[in-house]
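Undergrad:
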Amino acid sequence: MNKPEPMLNLFDFEKSMTSSLEASAIDYYQSGALDEHTLKDNISAFQRIQFLPRVLKDVSHVNTNTSFAGQQLSTPILFSPTAFLGMAHEDGELAVARAAQNAKTIMICSTLSNYPIEEITASTQASVWFQLYAYKDRQATLNLIQRAKHAGCKALVITVDAPFLGRREQDVKNQFQLPSHLNIANLFSKDHISLPNKGGHSGLAHYFENLIDKSLTWRDIDWLKREADMPVYLKGILHPKDAQLAVEHGVDGIIVSNHGGRQLDGSISSIDALPAISRAVNKQIPIMLDGGIRRGSDILKALALGAETVGIGRPVIWGLNHSGQQGVETIVNILTAELSLAMALAGCQDIQSISDDILV
Ligand SMILES: Cc1cc2nc3c(=O)[nH]c(=O)nc-3n(C[C@H](O)[C@H](O)[C@H](O)COP(=O)(O)O)c2cc1C
Numbered sequence: 522m523n524k525p526e527p528m529l530n531l532f533d534f535e536k537s538m539t540s541s542l543e544a545s546a547i548d549y550y551q552s553g554a555l556d557e558h559t560l561k562d563n564i565s566a567f568q569r570i571q572f573l574p575r576v577l578k579d580v581s582h583v584n585t586n587t588s589f590a591g592q593q594l595s596t597p598i599l600f601s602p603t604a605f606l607g608m609a610h611e612d613g614e615l616a617v618a619r620a621a622q623n624a625k626t627i628m629i630c631s632t633l634s635n636y637p638i639e640e641i642t643a644s645t646q647a648s649v650w651f652q653l654y655a656y657k658d659r660q661a662t663l664n665l666i667q668r669a670k671h672a673g674c675k676a677l678v679i680t681v682d683a684p685f686l687g688r689r690e691q692d693v694k695n696q697f698q699l700p701s702h703l704n705i706a707n708l709f710s711k712d713h714i715s716l717p718n719k720g721g722h723s724g725l726a727h728y729f730e731n732l733i734d735k736s737l738t739w740r741d742i743d744w745l746k747r748e749a750d751m752p753v754y755l756k757g758i759l760h761p762k763d764a765q766l767a768v769e770h771g772v773d774g775i776i777v778s779n780h781g782g783r784q785l786d787g788s789i790s791s792i793d794a795l796p797a798i799s800r801a802v803n804k805q806i807p808i809m810l811d812g813g814i815r816r817g818s819d820i821l822k823a824l825a826l827g828a829e830t831v832g833i834g835r836p837v838i839w840g841l842n843h844s845g846q847q848g849v850e851t852i853v854n855i856l857t858a859e860l861s862l863a864m865a866l867a868g869c870q871d872i873q874s875i876s877d878d879i880l881v
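Under the working numbering, the letters of the sequence shown match residues 522 to 881, in that order.
#1: A554 and R688: beta carbons closer than 8 Å?
#2: Take the Cβ of T642 as the centre, count every other Cβ of all protein chains shown within 10 Å, and call the residue buried at 16 or more, exposed below.
#3: Excluding the 5 residues flanking N623 on each side, which residues of the same chain have their C-beta closer than 7 Å to its C-beta?
#4: Give me the residue from I776, A672, L686 with the minimum Cα distance to A734.
#5: Apply the 10 Å Cβ neighbour rule to D692 and answer buried if 16 or more other Cβ atoms are within range, or exposed otherwise.
#6: Between G848 and F651, how many whole angstroms is the CB-CB distance? I'm expecting something under 8 Å.
#7: Quick check on the burial criterion: 16 or more other C-beta atoms within 10 angstroms. Buried or exposed for I714?
#8: Does any CB atom of chain C fall closer than 8 Å to the CB of T680?
#9: Who are the Cβ neighbours of D819 in its own chain at under 8 Å, not counting the five residues just before and after it?
#10: So, does the region 668-682 touch the region 573-586, judging by three or more C-beta pairs under 8 Å?
#11: Which of the three DSSP states is assigned to D712 in this structure?
#12: Within the same chain, show all residues whose beta-carbon is closer than 8 Å to that of A519, passing over the 5 residues directly before and after it, in chain order.
#13: Run through the region 724-777 for me and flag every whole beta strand (DSSP E) of 3 or more residues, listed as ranges in chain order.
#14: State the DSSP-derived secondary structure class of N584, mapped to helix, strand or coil.
#15: Could you name the residues that DSSP lists as bridge partners for I808?
#16: Hey, out of S844, R740, D773, whose CA is closest to Q805's CA?
#17: Can you tell me which of the three DSSP states Q652 falls into?
#18: How many angstroms separate the CA atom of L663 from the CA atom of L785?
#19: Looking at ligand 1, does it come within less than 7 Å of Q652, judged from the CB to the closest heavy atom?
#20: Tell me the DSSP secondary structure of Q696 in three-state form.
#21: Distance, Cα to Cα, E690 vs K561?
#22: For D877, which of helix, strand or coil comes out of DSSP?
#23: Relative to the C-alpha of Q660, which candidate in I798, E748, I879 has its C-alpha closest?
#24: With H, G and I counted as helix, E and B as strand and the rest as coil, what does DSSP make of D548?
#25: Identify which residue in A825, Q571, T596, L531 has its Cα closest to the Cα of R815.
#26: Would you check if the region 607-617 and the region 853-872 touch, i.e. whether three or more CB-CB distances between them fall below 8 Å?
#27: Can you give the beta carbon distance from D811 to S778, rounded, assuming they're within the 8 Å contact cut?
#28: Count the other CB atoms, across all protein chains shown, that sit within 10 Å of the CB of P529; report buried if there are 16 or more and exposed otherwise.
#29: Tell me whether K756 counts as near ligand 1, meaning its Cβ is closer than 7 Å to at least one heavy atom of that ligand.
#30: Does T642 come out as helix, strand or coil in the three-state DSSP assignment?
#31: By Cβ distance below 8 Å, which residues in the same chain neighbour P717 in space, the five residues on each side in sequence not counted?
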C-alpha cells in the first residue's frame, strides 16, 4: 500500500488542490491579472532579499507571540480576506473562523463570503474583521457596516485597490460563475453574480462593474470612518504617498498589498513596496503586508522591513480545500514553525527584536 505523501510545506498543500477541485475554481483561486508578472514577482521578490544573520544570541527560547491592534496573537500571521471559500470546502468561512480561534489569530472576512457574517462570527471566539467593498448604493454599504458591527466584527478593512476587477484572463476564458448552490451571503440575491456573461467578461468582473463604487476618494474614507465607529484599516496600499495620506486621514492601520497580483499587473511586489511605506508611516500606525508569503522566512523578511504582521490569502484556501479547519490550522502551524526556526538562525529571540539589521 502506498503511504500518503507527507505535507511538509505550503507547496504540498497547493499541489493537493489539483486533484480535488474543478478547474474553473482552481483558476479563480490561483490566477492573477493579465500576464501574472506581479503574481510571480510577489514570490520572487522575497527570494531576492537575503539575510545577514547574527550569532551567539541565546536562541534557546524563540517566541513568536506578538500584539497587534491591541490583541495578543500567537503568531504574526492573519487570514487575508478571500472571496467564495465555499468552493474550496463545504464549511467555507466557518472553518477558517474556527481555525483562527485555535491559531490565536485574526480572520479578515471578505464582503463576498459564502456564509453570512453573523454565522461566521457566531462560529468562533477569534476576532473577525470585516473587509468592505464599497458599493455604489451607499445605503447598501452602510447596511453592510451595520451588520458587521452587530455581528461583533472588531475592525473594518476597506479594500481600496479594486474600483474595477483586474482582468483575469483565466476567469474570462472560463466565464467564471459561482456554482449554483452557493450565494454571496452578505448581499443581495445570487442573481447579481449570475448575470449573463457579456463581451467576454467573467461573471465576477461583470458584477463588480455594475455594483462597486468607482468614485471613492479620501473624502469617502472620512465618511466611512465616521459611520464605522470601529477601527478602520485600508487594504491595497502600495504608494508611500497614499500611506502618508492614510496617516493624515486618521485610519488605524494599512495593509500593504497588491491583492495577490490580481489587480494591476506590473505593480510592484508587496515586499518591494514595504520599505518606502515603512519610512513614510514612521511607526505612526501599524502596517500589515500580504502577497506571496509562502515560507516562515518570508514573514521574517517582512517584519524586518517594517510590517507588524502579514496576511495569507491563497495558502488558507489550500489548507481549507485539503482538510477544512484542520488544514488551515496546519498551514499556520507550518509557517509559524518555519518562522520560529528562521528567527533562531538569524539570531532573533522574539518578534520585538526583529529589525532590518538581519538583512543584507
Ligand atoms: C481567490 C482570492 C479571492 C480574494 N478575494 C478578496 C476579497 O474578497 N477582498 C479583498 O480585499 N481581497 C481579496 N483577495 C486578495 C487577498 O486578500 C490577498 O491580498 C492576497 O490573496 C494575498 O496574496 P497571497 O494569495 O499570495 O497570500 C483575494 C485573493 C484571492 C487569491
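Cβ atoms here follow ideal geometry from the backbone N, Cα and C, with glycine treated the same way.
TA: Considering the structure as presented:
#1: Taking the sequence shown and counting its residues from 1, one reaches residue 554 at position 33. Taking the sequence shown and counting its residues from 1, one reaches residue 688 at position 167. Yes, the Cβ-Cβ distance between A554 and R688 is below 8 Å.
#2: Position 121 of the sequence shown holds residue 642. Buried: at least 16 other Cβ atoms inside 10 Å.
#3: Locating residue 623 in the sequence shown gives position 102, counting from the first residue. Once the five neighbours on either side are set aside, the close Cβ partners of N623 are E850.
#4: Here residue 734 is taken as the residue at index 213 of the sequence shown, counted from 1. For clarity, residue 734 is Asp in the given sequence; the question names Ala instead. The candidate whose alpha carbon is nearest that of D734 is L686.
#5: The residue given as residue 692 occupies position 171 in the sequence shown. Classification for D692: buried.
#6: As a working mapping, residue 848 is identified with position 327 in the sequence shown. As a working mapping, residue 651 is identified with position 130 in the sequence shown. Not confirmed; about 24 Å, so no contact.
#7: Against the sequence shown, residue 714 aligns to sequence position 193. Annotation note: pLDDT 46 at I714 (below 50); position unreliable, coordinate value reported separately. I714 comes out buried.
#8: Within the model displayed, chain C is absent; a lone protein chain is all it includes.
#9: Here residue 819 corresponds to residue number 298 of the sequence shown, with the count starting at 1. Once the five neighbours on either side are set aside, the close Cβ partners of D819 are F567, I792, G813, V831.
#10: no
#11: Position 191 of the sequence shown, counting from 1, holds the residue named residue 712. With a pLDDT of only 41 at D712, under 50, the local geometry of the prediction cannot be trusted, and no value is derived from it.
#12: Nothing about residue 519 can be reported from this structure: the residues present for the chain run from 522 to 881 only.
#13: 753-758, 774-777
#14: Stepping through the sequence shown from its first residue, residue 584 is reached at position 63. Correct three-state label for N584: strand.
#15: Start at 1 with the first residue of the sequence shown, and residue 808 comes out as number 287. Bridge partners of I808: I775.
#16: Counting from one through the sequence shown, the residue named residue 805 turns up at place 284. Closest option to Q805, Cα to Cα, is D773.
#17: As a first step, residue 652 is located in the sequence shown; it is residue number 131 there, counting from the start. If DSSP states are grouped into helix, strand and coil, Q652 belongs with the strands.
#18: Position 142 of the sequence shown, counted from the first residue, corresponds to residue 663. Position 264 of the sequence shown, counted from the first residue, corresponds to residue 785. Roughly 28 Å separates the two Cα atoms.
#19: Sequence index remark: in the sequence shown, residue 652 carries index 131 (1-based). Yes, ligand 1 has a heavy atom inside 7 Å of this Cβ.
#20: Here the question's residue 696 lines up with position 175 in the sequence shown. Of the three classes helix, strand and coil, the one that applies to Q696 here is coil, per DSSP.
#21: For the purposes of this step, residue 690 is identified with residue 169 of the sequence shown, where counting begins at 1. For the purposes of this step, residue 561 is identified with residue 40 of the sequence shown, where counting begins at 1. The straight-line gap from Cα to Cα measures roughly 16 Å.
#22: Counting from one through the sequence shown, the residue named residue 877 turns up at place 356. Of the three classes helix, strand and coil, the one that applies to D877 here is helix, per DSSP.
#23: Residue mapping note: residue 660 aligns to position 139 of the sequence shown, counting from 1. It is E748.
#24: Within the sequence shown, residue 548 is the residue found at index 27, counting from 1. Correct three-state label for D548: helix.
#25: The residue labelled residue 815 in the question sits at position 294 within the sequence shown. Cα-wise, what sits closest to R815 is L531.
#26: no
#27: To locate residue 811, count along the sequence shown from 1; it is residue 290. To locate residue 778, count along the sequence shown from 1; it is residue 257. Confirmed, about 5 Å.
#28: Here residue 529 refers to the residue found at position 8 when the sequence shown is read from its first residue. In the sequence under discussion, the amino acid at residue 529 is Leu, which differs from the Pro named in the question. Burial call: exposed.
#29: Working through the sequence shown from its first residue, we reach residue 756 at position 235. Checking every heavy atom of ligand 1 against the Cβ of K756, one is found closer than 7 Å.
#30: Taking the first residue of the sequence shown as position 1, residue 642 is located at position 121. The answer is helix: DSSP assigns T642 an H, G or I state.
#31: Translated into positions along the sequence shown, residue 717 becomes position 196. In this prediction, P717 has a pLDDT of 43, which is less than 50 and means its spatial position is unreliable; what the coordinates show is noted afterwards. So the list is empty, once near-sequence residues are dropped.
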